[in-house]
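In what follows, a single structure is set out as structure tokens and then discussed.
Residue numbers (the working numbering): 2 to 84.
Now the structure itself:
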């Protein structure tokens with residue numbers, strides 16, 4: 002079964018990421034990691050100045066407190082997927 006790592010820059014609460022997540026579930030496991038707020042325009046930024054916290058929202062759905070979309074990809078791949 003394929004595993005998808007899904008993130009966005011609009012935050013974990015956005016309707017778009019939730020709708021896409023539901024559609025992808027029919028194709029495989031979906032690990033969703035998204036920022037705790039809208040961060041449009043800073044997608045490639047990484048956080049180095051403070052520790053990041055990751056919080057479970059739902060099964061296989063996480064948010065990164067204070068993190069950027071790029072932080073979400075890094076934490077999703079290297080921590081949650083043990084890449």
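Every residue gets a Cβ at the ideal spot worked out from N, C-alpha and C, and that includes glycine. Here the structure is a predicted model, which means the values were calculated and not measured.
Apply the 10 Å Cβ neighbour rule to residue i and answer buried if 16 or more other Cβ atoms are within range, or exposed otherwise.
i	result
residue 18	buried
residue 22	buried
Which same chain residues, not among the five before or five after residue i, have their C-beta less than 7 angstroms away from its C-beta?
i	result
residue 71	44, 45, 46, 47
residue 61	30, 31, 32, 33
So, for residue i: in the same chain, excluding its five sequence neighbours on each side, which residues have a beta-carbon less than 6 angstroms away from its beta-carbon?
i	result
residue 37	64, 66
residue 10	40, 41, 44, 70
In chain order, what residues of the same chain lie with their CB nearer than 8 angstroms to the CB of residue i, ignoring the 5 residues before and after it?
i	result
residue 80	55
residue 53	65, 66, 67, 68, 72, 76
Along the chain, where does the beta strand (DSSP E) that runs through residue i open and close?
i	result
residue 3	Taken as a continuous stretch (DSSP letters only), residue 3 belongs to no beta strand (DSSP E), as it is neither H nor E.
residue 30	30-36
In the DSSP assignment, the alpha helix (DSSP H) including residue i goes from what residue to what residue?
i	result
residue 70	70-76
On the premise that residue j lies in contact with residue i, defined as a C-beta separation below 8 angstroms, what is that separation, rounded to the nearest angstrom?
i	j	result
residue 25	residue 7	7 angstroms
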